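Encoded as structure tokens, the structure appears first; notes follow it.
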Amino acid sequence: MKRLLSAALITIAIVIVAACSAGSSSRAAEPSIDPSALSISANNLVFSTDTLSAPADQPFQIAFDNQEGAPHNVAIYRDSSAAEKVFGEDPFSGPAVVVYDVPALAAGAYFFRCDVHPDMSGELAAG
Amino acid sequence: MSAIKLSRPLGDVDIVLREAIVALTLGTAYIHLTLGGVLFTLNAIGYLVGAVAMVIPLGIAVRYRWLIRIGLAGYAFATIVGWVIDPVFYSTAYLAKGIEVALVTLLVIDFARLDGNPIEVVRREIRSLLVRPQGSASGRA
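So the sequences go chain by chain: A and B. Just remember that my numbering sits 51 ahead of the position in the first sequence, which is counted from 1. Just remember that my numbering sits 38 ahead of the position in the second sequence, which is counted from 1.
Listed below in structure tokens is the structure:
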């Protein structure tokens with residue numbers, strides 16, 4: 052049993068060391084940010100705003116600043132049922148800024164959220 | 039104090055298996071811990087408790103290691119089901135689910151190697167509860 056315990060402790064130590072050394076890379080800010088890009092950040096599992104306004108029928112950018120280690124994204128859905136995603140990229144850990152290139156949306160109200168933490172959500176108005 | 043009797047000593051394969059189970063459990067615990075939020079943190083704590091319970095040399099843990107295996111496998115399975123119900127498709131989620139599938143598989147193998155038929159184990163435990171022997175407890179690690 053002592054042998055098993057010591058082996059398990061070694062394993063735990065290896066996993067902890069590996070875990071601490073992993074995921075330390077951060078993504079740099081994208082070089083081309085449109086001055087009219089929408090801006091939103093995340094910290095303490097909360098978005099900085101629950102409303103975004105975008106132009107209708109033309110592509111736009113969202114500069115998303117994830118200020119914490121927890122992975123977040125800004126995914127846009129047709130409505131709050133989140134059944135139909137109209138835009139979304141993979142969540143990423145911060146601190147890091149990622150600029151999303153969102154395709155043109157028809158005028159109307161959309162729903163956005165963090166896919167990992169669905170409580171983080173808001174409304175995006177295109178028009 | 040009751041004596042713990044091992045039916046057979048753990049072999050090298052058993053130890054490697056146990057190590058792998060603990061490593062996978064800690065791996066998925068770490069991933070869930072990094073996700074933030076109460077639910078993920080509680081999930082991580084559950085996995086940490088499971089990892090400790092798999093190796094701690096306490097009499098009651100050794101005696102009921104079979105139940106710990108079932109509990110940890112069920113916990114991992116429930117986590118997988120939770121993701122299937124409300125999935126997030128990205129690399130970390132795939133990694134976590136891969137770890138959990140491997141964890142459940144290894145727990146099933148560990149159970150089969152050390153405890154045998156789960157139905158028989160449950161029957162045996164019920165019998166031992168109904169006819170409580172005086173003195174000693176027996177179990178496998």
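Beta carbons are placed, not taken as given, at the ideal position from N, Cα and C, and that holds for glycine. Just so it is clear, the structure is predicted and the values come from calculations on it, not from any experiment.
Along chain B, in chain order, which residues have C-beta atoms closer than 7 Å to that of residue i?
{"i": "A:L96", "result": "G74 and G75"}
{"i": "A:G173", "result": "Here the premise fails: no neighbours, minimum Cβ distance about 17 Å."}
{"i": "A:P122", "result": "L73 and T130"}
{"i": "A:V167", "result": "L73 and V126"}
In terms of residues, what are the limits of the beta strand (DSSP E) holding residue i?
{"i": "A:V149", "result": "A147 to V153"}
{"i": "A:Y128", "result": "A126 to Y128"}
{"i": "A:F138", "result": "K136 to F138"}
{"i": "A:S172", "result": "S172 to A177"}
{"i": "A:F163", "result": "G159 to R164"}
Report the rounded CA-to-CA distance for residue i versus residue j, giving the unit in angstroms.
{"i": "B:G89", "j": "A:L89", "result": "According to the sequence shown, residue 89 of chain B is Ala rather than Gly. Near 44 Å, if we compare the C-alpha coordinates of A:L89 and B:A89."}
{"i": "B:R103", "j": "B:M92", "result": "7 Å"}
{"i": "A:S77", "j": "B:A114", "result": "With a pLDDT of 40 at A:S77, under the threshold of 50, the modelled position of that residue is not reliable, and the figure given next carries that caveat. Using only the alpha carbons, I get a separation of about 30 Å."}
{"i": "A:A147", "j": "A:H123", "result": "10 Å"}
{"i": "B:L168", "j": "A:N94", "result": "55 Å"}
{"i": "A:P86", "j": "B:D148", "result": "58 Å"}
{"i": "A:T100", "j": "B:Y128", "result": "24 Å"}
{"i": "A:K136", "j": "A:F162", "result": "9 Å"}
{"i": "A:R129", "j": "A:I84", "result": "25 Å"}
{"i": "B:G84", "j": "A:P110", "result": "44 Å"}
{"i": "B:I98", "j": "B:I108", "result": "15 Å"}
{"i": "A:S156", "j": "A:G145", "result": "The amino acid occupying residue 156 of chain A in the given sequence is Leu; Ser does not appear at that position. Going by the C-alpha atoms only, they are around 28 Å apart."}
{"i": "B:L110", "j": "B:L86", "result": "10 Å"}
{"i": "A:G173", "j": "B:L152", "result": "52 Å"}
{"i": "B:K135", "j": "A:V125", "result": "23 Å"}
{"i": "B:I53", "j": "B:G112", "result": "22 Å"}
{"i": "B:T79", "j": "B:T63", "result": "14 Å"}
Are the CB atoms of residue i and residue j nearer to each other than 8 Å?
{"i": "A:F3", "j": "A:I127", "result": "For residue 3 of chain A there is no data in the structure shown, the boundaries of chain A being 52 and 178."}
{"i": "B:I59", "j": "B:L141", "result": "yes"}
{"i": "B:T72", "j": "A:A121", "result": "yes"}
{"i": "B:I118", "j": "B:V139", "result": "yes"}
{"i": "B:L48", "j": "B:L144", "result": "no"}
{"i": "B:H70", "j": "B:A82", "result": "yes"}
{"i": "A:D141", "j": "A:Q112", "result": "no"}
{"i": "A:D166", "j": "B:V126", "result": "yes"}
{"i": "B:G65", "j": "B:I137", "result": "yes"}
{"i": "A:L103", "j": "A:L175", "result": "yes"}
{"i": "A:A107", "j": "A:A177", "result": "yes"}
{"i": "A:N117", "j": "A:F98", "result": "no"}
Residues of chain A with CB under 9 Å from residue i, in chain order?
{"i": "B:T66", "result": "Simply none; closest approach about 11 Å."}
First and last residue of the alpha helix (DSSP H) that includes residue i?
{"i": "B:R151", "result": "S129 to L152"}
{"i": "A:N94", "result": "Segment L89 to N94 is the beta strand (DSSP E) holding A:N94; no alpha helix (DSSP H) there."}
{"i": "B:Y68", "result": "D50 to T72"}
{"i": "B:Y113", "result": "R103 to I123"}
Just to make sure I have the definition right: I need the residues of chain A whose C-beta is within less than 7 Å of the C-beta of residue i. Which are they?
{"i": "B:Y128", "result": "D141 and P142"}
So, helix, strand or coil for residue i, using DSSP?
{"i": "A:T102", "result": "strand"}
{"i": "A:I113", "result": "strand"}
{"i": "B:G75", "result": "coil"}
{"i": "A:V97", "result": "strand"}
{"i": "A:H168", "result": "coil"}
{"i": "B:R165", "result": "helix"}
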